[in-house]
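Quick note: to get the numbering used here, add 30 to the position in the sequence shown (first position is 1). Only one structure is covered here, and it is reproduced in the block below.
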Amino acid sequence: MKALNPILISGREVLPLIEGGKGTLGQPSAVPGSEPGHAKDAVIDENGPRIVALAHAAGSLAVAPEPGLRERAAAYREAALRAGELVVTRLRGPDGRLGRSWKDGRLIGRGVLEDHAALGEGLLALYEATGDERWFREARRHGDEILAGTTVLSG
């Protein structure tokens, strides 16, 4: 599937893409707690692109001429915010370091470079979607950890 610029496609065009991919949210690789009772396992780096998709979908649908699509934009924005909140509050260990995966309610391993990069991109998308500087600070935290050389290059 080719990459799409969500600004250049209409809400009517983006909706089938979102609906078609919806089945993966809340499945084993989803953000822990995003769908209560569904997410038991998660690989951290998969959540950044999901947050990006939800935030961009919300932006595309928010400017759609159809009121129904604009209402869906709010739902996607809330889902992106909920996922971002879970990422920054539950996916770090007691030492503040990003974990690599989540299984059976536990954070496992240490986050690697791709985890920080993917989550940083997702958090920047939240900043763009909301204007809330908290998400920019959180994204920068991941970038700072990469530049400080404190991340493991691969798992």
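For each residue, glycine too, the CB sits at the ideal point set by N, CA and C.
Alpha carbon of residue i to alpha carbon of residue j, nearest angstrom
i	j	result
A87	G78	14 Å
E101	E158	19 Å
E76	E144	10 Å
A148	D125	21 Å
S131	E96	39 Å
G141	E175	11 Å
A105	S90	13 Å
L111	V82	11 Å
R120	L99	31 Å
G139	A94	42 Å
Cβ pair residue i, residue j closer than 9 Å
i	j	result
L137	A109	no
L177	W165	no
G152	R80	yes
A103	A92	yes
L116	I74	no
R170	G150	yes
G179	H146	no
E168	V118	yes
6 Å CB neighbourhood of residue i in its chain, flanking five on each side removed
i	result
T160	none
G135	none
Contacts around residue i, its chain only, beta-carbon distance under 8 Å, and the 5 residues preceding and following it disregarded
i	result
L154	W165, F166, A169
I'd like the ranges of any alpha helix (DSSP H) spanning at least 4 consecutive residues and lying wholly in the region 81–156. 97–120
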